[in-house]
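These protein sequence lines are chains A and B, in that order.
Under the working numbering, the first residue of the first sequence is numbered 1, with each subsequent residue one higher.
Under the working numbering, the first residue of the second sequence is numbered 384, with each subsequent residue one higher.
A virtual CB, placed ideally from N, CA and C, is assigned to each residue, including glycine.
Predicted model only: the values in this text are computed from it and were never measured.
There are 2 protein chains.
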Amino acid sequence: MRLSTRLPNEPAGIIGTENTTAIDMAKAARPTRNEQPAAPSVASRPGTATLREVAELACVSKATVSRFINTPEIVSPSVRERIQVAIDHLGWVPHAAARALATQRTGTVGAVVPTLANEHFATAIQVLQDELEEKGYTLLLGCSEYDLQREYRQVRKMLERGVDAIAVVGEGHHPDLYPLLEQRDVPCVSTFTFASSQRSICVGVDNYRAFYDATKYLLDLGHRRIAMIAQNADTNDRAAARREGVRVALAEHGIAIHPAHMAEGYWGVHEGRKLFGQIMAAPIEPPTAIVCGNGSFATGAMLEAMAAGYDVPGHLSLIGFDDFEVMAELPIPITTVRVPSAEIGRRTADLLIAQLNGEAATQSIECEATLIVRESCARPRSA
Amino acid sequence: MRLSTRLPNEPAGIIGTENTTAIDMAKAARPTRNEQPAAPSVASRPGTATLREVAELACVSKATVSRFINTPEIVSPSVRERIQVAIDHLGWVPHAAARALATQRTGTVGAVVPTLANEHFATAIQVLQDELEEKGYTLLLGCSEYDLQREYRQVRKMLERGVDAIAVVGEGHHPDLYPLLEQRDVPCVSTFTFASSQRSICVGVDNYRAFYDATKYLLDLGHRRIAMIAQNADTNDRAAARREGVRVALAEHGIAIHPAHMAEGYWGVHEGRKLFGQIMAAPIEPPTAIVCGNGSFATGAMLEAMAAGYDVPGHLSLIGFDDFEVMAELPIPITTVRVPSAEIGRRTADLLIAQLNGEAATQSIECEATLIVRESCARPRSA
DNA sequence: CTGAAAGCGCTTACAG
DNA sequence: CTGAAAGCGCTTACAG
């Protein structure tokens, strides 16, 4: 017997005479005795029935129907069957708002990401939705466009909507965000960046170390004149951490990036090309390696290098961040740092669910950012 | 005066002595007279207050607080002020489920797309969310992975959650989807494909015509031996329509694609390369042009052509679908059909809102798919 | 295993 | 412009 609710337009089957039989039997066995007031024996419009009508049709109390939905094991088989028939017959769909009001839980979780235009966030959201759905939760989505104020508004709105938990990206947030969450006791996990300093639990990579290591790799190859096509970090702590990783790794060798070799932009292959051109056009000795703050910049830099006839990696090394598919397929595949977005999405779901189930031992998870070595880096020519 | 609700941890300001003053004044002016039962004069936990507590603190009825929230104009200024102070003081946030139960509206809309891994859907969702948010709606998201059964389940779940409207992608759906929606009278718009045959209103492009025209373009250039790297169309009506467009355009010239020149896959640059290789390796005369069913295939085909040393467009023309940024930046920019995803997202929001507002004249919108002519197509060598 | 009753936190006619 | 009351559709102790 099916225990989940059904709508009438699902492949019917058992609804025929059998059902009326079942209902008639029920009615006969327990002649009209209903708690409820004024009982319309048929739902006004299909798909619009309520639990009360189901109860009446099945000749049981509302409480029993409710139990049938939530803990079918505790209702007797014969009653179960009557209820199921009634549900099928009326096409009843439980009313989530009513349930939410009664239970103070909605079965929804909210996520706000900066943008879906970034594959990482899109991927993570996709698997998050997937995992959440499996556990019966519905996802509410917000995109902040990297605007902290907006992120805050979206989170508030989600709280109004009664989300049981929230996922956000990164550590930079509106100052009132965490107090708000804490006050209302809503579990929250911060994603994509791992840092012990985080106010909420988090799951992500250590952006600082990822680029520290990537820079180290370049340094170890012998590079000393290194440029950077950086992603603007104003409201993006991941980008900021990456820049800092580069800076520190170089500083440890007594090196600093020349201002003319530090280009900054937001996003895009085209922008990457332009920024690359800018660096190479600087009236100082050109770099022997360029670290690119994101995948689109790396792709753009590579494409522009090809167009301008630079020999990569013979003449110039290029290292990237993100691992977009095309980066591996270019004539010279790009060495880059891979962030496991799908894993982050999955683990975010795990953490959220764990907290929702009141599991105590939930703690932050560090995911591994890995350096994918391909062909775009080599020893500098002079070395 | 601020009319929207606030939480206590927002920059306070007016909450100081002024407030207590205002409240005290109110209390003095209208000594304790409350409708409600057992009245705890302070909210048990901050951020947990209810409308009733606000009403008590402001010495007005719940009805008036409700009016203040929904139609502030109709409450007198002095009362308005008292209520605002009480709200700020208690950090009251309205309980959406309670409101939904009372109004039978949730202020949410659901969208289910096949995947977020496709830039088009990601973009459309992003702007849909944006527009919806502006109108006060919250977005519920589902990803179906091109599984119609799953799409149906997600839509049902959203209906349970009481979404006021739904957006789906394409025309291929579970047979019970539309009946379900109609029965519950939930507005729905189908996106990305425009076709007069659609059961719901829709906003999108005519995929058939788009590829019919693209093929025509190749034909007009003089191509007669044309291959296709097609996207699997089993549960994807857009892909199916595109294939059909190619087929018909060719058939009108008495041409058909040789089976060995018809490669099929799902998605990916790498897959595009492979499929390209497959076609070129067929033991028959190679094609003079290849039409690619999606952007990743076009990118892959171009990259593989470069790698294998084919002269594009001198020796071989390539035409794509989708306009992913990298397609314009490759050494030979790819001629392709652009689908205005952002516009589709925006118009979907418009249509949804219009229907929610009960506007009568809502009808389907055809968006223009445009052929972006770049450098990957030329006359065939022999022509 | 099942029922009667109260309650979740809002809104909305209906009066005044 | 404002209040009292009923109701939205569920769940959950409390009894039996």
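Under the three-state DSSP convention, the category residue i falls into
{"i": "A:S197", "result": "coil"}
{"i": "B:S724", "result": "helix"}
{"i": "A:T48", "result": "coil"}
{"i": "A:E375", "result": "coil"}
{"i": "B:I702", "result": "strand"}
{"i": "A:E264", "result": "strand"}
{"i": "B:Q487", "result": "coil"}
{"i": "A:E244", "result": "helix"}
{"i": "B:S573", "result": "strand"}
{"i": "A:G277", "result": "helix"}
{"i": "A:Q363", "result": "coil"}
{"i": "A:V85", "result": "helix"}
{"i": "B:T718", "result": "strand"}
{"i": "B:A732", "result": "helix"}
{"i": "B:V462", "result": "helix"}
{"i": "B:G697", "result": "coil"}
{"i": "B:A494", "result": "strand"}
{"i": "A:I229", "result": "strand"}
{"i": "A:A282", "result": "coil"}
{"i": "B:V709", "result": "helix"}
{"i": "B:A632", "result": "helix"}
{"i": "B:I673", "result": "strand"}
{"i": "B:M384", "result": "Annotation note: pLDDT 31 at B:M384 (below 50); position unreliable, no value reported."}
{"i": "A:V65", "result": "helix"}
Pair within 8 Å by beta-carbon distance, residue i and residue j
{"i": "A:V203", "j": "A:R347", "result": "yes"}
{"i": "B:V495", "j": "B:G525", "result": "yes"}
{"i": "B:L823", "j": "B:A732", "result": "Any property of residue 823 of chain B remains undetermined from this structure, which presents chain B solely from 384 to 766."}
{"i": "B:I715", "j": "B:M685", "result": "yes"}
{"i": "A:L132", "j": "A:V155", "result": "no"}
{"i": "B:Q738", "j": "B:A548", "result": "yes"}
{"i": "B:V722", "j": "B:D694", "result": "no"}
{"i": "A:L218", "j": "A:A167", "result": "no"}
{"i": "A:A260", "j": "A:A282", "result": "yes"}
{"i": "A:I319", "j": "A:S364", "result": "no"}
{"i": "B:A725", "j": "A:E160", "result": "no"}
{"i": "A:K135", "j": "A:I290", "result": "no"}
{"i": "A:R273", "j": "A:E304", "result": "yes"}
{"i": "B:H653", "j": "B:G683", "result": "yes"}
{"i": "A:A369", "j": "A:V337", "result": "yes"}
{"i": "B:L484", "j": "A:L101", "result": "yes"}
Buried or exposed (CB count within 10 angstroms, at least 16 for buried), residue i
{"i": "B:V631", "result": "exposed"}
{"i": "B:N772", "result": "Past the edges of chain B, shown from 384 to 766, lies residue 772 of chain B, and the structure says nothing about it."}
{"i": "B:I466", "result": "buried"}
{"i": "B:Q614", "result": "buried"}
{"i": "A:N118", "result": "buried"}
{"i": "A:I74", "result": "exposed"}
{"i": "B:N740", "result": "exposed"}
{"i": "B:Q509", "result": "buried"}
{"i": "B:D617", "result": "exposed"}
{"i": "A:D206", "result": "buried"}
{"i": "B:R764", "result": "exposed"}
{"i": "A:D88", "result": "buried"}
{"i": "A:R386", "result": "The question about residue 386 of chain A has no answer, for chain A in this structure spans 1 to 383."}
{"i": "B:V569", "result": "buried"}
{"i": "B:S459", "result": "exposed"}
{"i": "B:T447", "result": "buried"}
Whole-angstrom C-beta distance between residue j and residue i, which should lie under 8 Å
{"i": "B:E464", "j": "B:P497", "result": "Not quite, the Cβ-Cβ distance comes to about 51 Å (not below 8 Å), so this is no contact."}
{"i": "B:G628", "j": "B:F594", "result": "3 Å"}
{"i": "A:G110", "j": "A:L140", "result": "4 Å"}
{"i": "B:D597", "j": "B:I662", "result": "In the sequence as displayed, the identity of residue 597 of chain B is Ala instead of Asp. Going by Cβ atoms, the distance from B:A597 to B:I662 rounds to 17 Å, so no, they are not a contact pair."}
{"i": "A:F194", "j": "A:E366", "result": "4 Å"}
{"i": "A:A263", "j": "A:I229", "result": "5 Å"}
{"i": "B:A432", "j": "B:G474", "result": "6 Å"}
{"i": "B:P670", "j": "B:R625", "result": "No, B:P670 and B:R625 are not in contact; Cβ-Cβ is about 17 Å, not under 8 Å."}
{"i": "B:E777", "j": "B:S573", "result": "Any property of residue 777 of chain B remains undetermined from this structure, which presents chain B solely from 384 to 766."}
{"i": "B:L734", "j": "B:I584", "result": "6 Å"}
{"i": "B:T521", "j": "A:K157", "result": "6 Å"}
* **Length-filtered (4 minimum) alpha helix (DSSP H) runs lying within the region 113-181 of chain A** => Listed in chain order, the complete alpha helix (DSSP H) runs (minimum 4 residues) inside the region 113-181 of chain A are 119-134 and 148-160.
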